[in-house]
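Structure, as structure tokens:
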Amino acid sequence: MKRYFIICLVLFFALNVFAQRPINKLVVRADSAEQKISKFIYGHFAEHLGRCIYGGIWVGRNSKIPNIRGYRKDVLTALKAIHVPVIRWPGGCFADTYHWKEGIGPYSKRPRIVNTTWGGVVEDNSFGTHEFLEFCELLGAEPYISVNVGSGTVREASEWVEYVNSTYDIPMVKLRHKNGRLKPWNVKFWGIGNETWGCGGIMSADYYANVLSRYSFFMKNYGETKLYKIASSGLPEDFNWTEIIMKKWKNTDTWLQDYMSGYSLHYYTVIDWNKKGSAINFTEKEWFIILQKALYLDELIKKHSEIMDRYDPEKRIGLVVDEWGTWYDVEPGVNPAFLYQQNSLRDAIVAAISLNIFNNHCDRVKMANLAQLVNVLQSVIITKDEQIVLTPTYYVFKMFSVHQDATLLPTKLECEEYSYGEEKIKSLNVSASRDKDGKIHISIVNLDPNNVKELECKILGSNVEKGSAEIITAERMNAFNDFGKTEEVNIKPFEKFKLEDDRLIVSLPPKSIVMFELE
Ligand code: AHR
Numbered sequence: 003m004k005r006y007f008i009i010c011l012v013l014f015f016a017l018n019v020f021a022q023r024p025i026n027k028l029v030v031r032a033d034s035a036e037q038k039i040s041k042f043i044y045g046h047f048a049e050h051l052g053r054c055i056y057g058g059i060w061v062g063r064n065s066k067i068p069n070i071r072g073y074r075k076d077v078l079t080a081l082k083a084i085h086v087p088v089i090r091w092p093g094g095c096f097a098d099t100y101h102w103k104e105g106i107g108p109y110s111k112r113p114r115i116v117n118t119t120w121g122g123v124v125e126d127n128s129f130g131t132h133e134f135l136e137f138c139e140l141l142g143a144e145p146y147i148s149v150n151v152g153s154g155t156v157r158e159a160s161e162w163v164e165y166v167n168s169t170y171d172i173p174m175v176k177l178r179h180k181n182g183r184l185k186p187w188n189v190k191f192w193g194i195g196n197e198t199w200g201c202g203g204i205m206s207a208d209y210y211a212n213v214l215s216r217y218s219f220f221m222k223n224y225g226e227t228k229l230y231k232i233a234s235s236g237l238p239e240d241f242n243w244t245e246i247i248m249k250k251w252k253n254t255d256t257w258l259q260d261y262m263s264g265y266s267l268h269y270y271t272v273i274d275w276n277k278k279g280s281a282i283n284f285t286e287k288e289w290f291i292i293l294q295k296a297l298y299l300d301e302l303i304k305k306h307s308e309i310m311d312r313y314d315p316e317k318r319i320g321l322v323v324d325e326w327g328t329w330y331d332v333e334p335g336v337n338p339a340f341l342y343q344q345n346s347l348r349d350a351i352v353a354a355i356s357l358n359i360f361n362n363h364c365d366r367v368k369m370a371n372l373a374q375l376v377n378v379l380q381s382v383i384i385t386k387d388e389q390i391v392l393t394p395t396y397y398v399f400k401m402f403s404v405h406q407d408a409t410l411l412p413t414k415l416e417c418e419e420y421s422y423g424e425e426k427i428k429s430l431n432v433s434a435s436r437d438k439d440g441k442i443h444i445s446i447v448n449l450d451p452n453n454v455k456e457l458e459c460k461i462l463g464s465n466v467e468k469g470s471a472e473i474i475t476a477e478r479m480n481a482f483n484d485f486g487k488t489e490e491v492n493i494k495p496f497e498k499f500k501l502e503d504d505r506l507i508v509s510l511p512p513k514s515i516v517m518f519e520l521e
């Protein structure tokens, strides 16, 4: 009897120890840091679409909504807190109908046009080049202007650059002076066409390759500002398009290769383009599919990078993911062309996965722009008249801002799978970096909405002595922040971890995003 009792006791302890030993393992190589994570990976996109510009950013000087020279004060304050590094404007598809000269000079003289791309609403051109560039200045963000290749001209594009960057005594500069701006803005980032396979002109890759070099060649550098010109890609999986654009670049004489510095990729996380589903009323199946599709971005970047590597092994051309994010059905009762959707914990998880993926590919990915800044698709902010809501995605950008311009630390992750029906995905997702003060940041996502994940993390090449952590999670997988209500999703302190020598032992709650800071 006694012997039986002792065996049971030993078995109990053995099982208990085994059960607690993490089967999820992460190695962070602090001894092998080489690549810088460009801060521009944390960029945004603002299009003349729905209530992104009008109502979201710009309310005009005479609005009752508190504003600084026409820009919403609350939006400016919120965006400053996440250190927005770059904003792409004016589209998107809108860019290919936009004639920039209609958006400068006295408001009363700016023509009212119809936004034929997004709902046929009146565009009064009150937010134009000066307003966009001043907005970027207020935020300390770099502007990224997308020129009109679809219905514009080479001359329009080259004069836009003259207008904003030149200091010569030429008509465009005189015009800028007349409109009240003496100093040039020195805009570096320029997009040459948007989705030229579709709303940007339904072009073939061969045709566009020549349009690109023609436009680009006549957009000149002024002063110290060397332009970074970004080419349009094909559909996300059009690898042949990438092949054609890269091949032409490679075959161009070296002294002319400046016509392209970046190559864009657009990728939206969507369940099905014909049945997108609701942003907040969804099942676990829809949670799973969205996360599975978010993870696909990694494969997509790898495949485009492999092609780019063949033509550009030195990685001179950056991959610029200048539109990404979730896309659901528009909220009930809203103009379907306004693409307004709520934002839940699921979107926060997608944002964290995507940013981890960009970080891990920072040797090639040099910029990314979430679609879109305010009130459109996966926005960091939504507004209703004078009210503002910071979305779960906002808090991910806030939490992850520590990775901006830090050095990537390579990671190796072995983890359990999260399965739904017959399908399986990795339950954890991670990236790590070291900032200029030597602090290590590790961002870990638990995609599984039902199970805690025990993780053992080894940090090679660094004597970690102390650490702290923050978490984004919620009780419900479709938790969201709403107008006039207490926030359901934001950043909270996290303590379910311990540091032992060079190991970090963590208990990651289901459906959570955790950021560690280690010193
Ligand atoms: O972000 C909305 C639209 O999606 C953009 O205007 C276009 O480029 C893309 O198809």
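Each residue of the sequence shown is one higher than the one before, counting from 3 in the numbering used here. For glycine and all other residues, C-beta sits at the position ideal for the given N, C-alpha and C. As the structure is a prediction and not an experimental result, all values here were calculated from the model.
| Check | Outcome |
| --- | --- |
| Three-state class that DSSP yields for histidine 85 in the structure shown | coil |
| C-alpha distance - valine 516 paired with lysine 400, whole-angstrom precision | 12 angstroms |
| Alpha-carbon to alpha-carbon, isoleucine 461 and isoleucine 246 | 42 angstroms |
| Spatially closest choice to asparagine 345 from Val378, Ile355, Arg366 and Ile204, by CA coordinates | Val378 |
| CB contact check: glycine 152 to chain B, cutoff 8 angstroms | This model lacks chain B altogether; it includes just one protein chain. |
| Unbroken beta strand (DSSP E) run spanning glutamine 389, endpoints | 389-392 |
| Own chain partners of phenylalanine 220 with C-beta closer than 6 angstroms, once the 5 adjacent residues on each side are dropped | Val156 and Ser160 |
| CA nearest to the CA of proline 92, picked from Ile273, Phe137 and Phe241 | Phe137 |
| Range covered by the alpha helix (DSSP H) that runs through aspartate 208 | 207-219 |
| Backbone secondary structure at alanine 281 - three-state DSSP | coil |
| Residues near glutamate 104 by beta carbon distance below 7 angstroms, same chain, minus five either side | Arg112, Pro113, Ile115 and Asn127 |
| Uninterrupted alpha helix (DSSP H) stretches inside the segment 57-113 (no shorter than 4 residues) | 75-83 |
| Extent of the continuous alpha helix (DSSP H) run through methionine 248 | 241-252 |
| First and last residue of the uninterrupted beta strand (DSSP E) at tryptophan 192 | 191-194 |
| Methionine 134 beta carbon near the ligand AHR (any heavy atom closer than 7 angstroms) | The sequence shown places phenylalanine at residue 134, rather than the methionine named in the question. No, the Cβ of phenylalanine 134 stays beyond 7 angstroms of every heavy atom of the ligand AHR. |
| Extent of the continuous alpha helix (DSSP H) to which serine 356 belongs | 347-362 |
| Distance CB(leucine 51)-CB(phenylalanine 96) smaller than 8 angstroms | yes |
| Boundaries of the alpha helix (DSSP H) in which alanine 233 is found, first to last residue | Alanine 233 -> not in any alpha helix (DSSP H); beta strand (DSSP E) instead, spanning 230-233. |
| Inter-stretch contact (C-beta, 8 angstroms, three-pair minimum) for the segment 331-340 and the segment 385-402 | no |
| Cβ-Cβ separation, tyrosine 146 to valine 213 (assumed contact under 8 angstroms), whole Å | Valine 213 to tyrosine 146, Cβ: 19 angstroms. No contact. |
| Cβ-heavy atom distance, glutamine 380 to the ligand AHR, below 7 angstroms | no |
| Whole-Å CB distance - alanine 408 paired with serine 435, under 8 angstroms assumed | 4 angstroms |
| Any non-hydrogen atom of the ligand AHR within 7 angstroms of glutamine 389 CB | no |
| Nearest-angstrom Cα separation, counted from arginine 31 out to aspartate 437 | 14 angstroms |
| Cα-Cα separation between arginine 178 and lysine 317, rounded to whole angstroms | 37 angstroms |
| Beta-carbon contacts of arginine 102 that lie in its chain and below 6 angstroms, excluding the five residues immediately before and after | Looking at the sequence shown, residue 102 is not arginine but tryptophan. Thr131 and Trp162, listed in sequence order. |
| Residue environment, glutamine 389, which counts as buried when at least 16 other CB atoms sit within 10 Å | exposed |
| Secondary structure of proline 451, DSSP reduced to three states | coil |
| Rounded C-alpha distance that separates glutamate 36 from isoleucine 442 | 14 angstroms |
| Check whether serine 433 and serine 421 have beta carbons under 8 angstroms apart | no |
| Near the ligand AHR: leucine 372 beta-carbon under 7 angstroms from a heavy atom | no |
| Sheet register partners of methionine 174 (DSSP bridge) | Answer is none; methionine 174 lacks a bridge partner. |
| For aspartate 484, the nearest candidate out of Lys386, Leu415 and Lys468 (CA to CA) | Lys386 |
| Check whether methionine 248 and methionine 310 have beta carbons under 8 angstroms apart | yes |
| Counterpart residues of valine 124 in DSSP-defined beta bridges | Val116 |
| Residue environment, threonine 118, which counts as buried when at least 16 other CB atoms sit within 10 Å | exposed |
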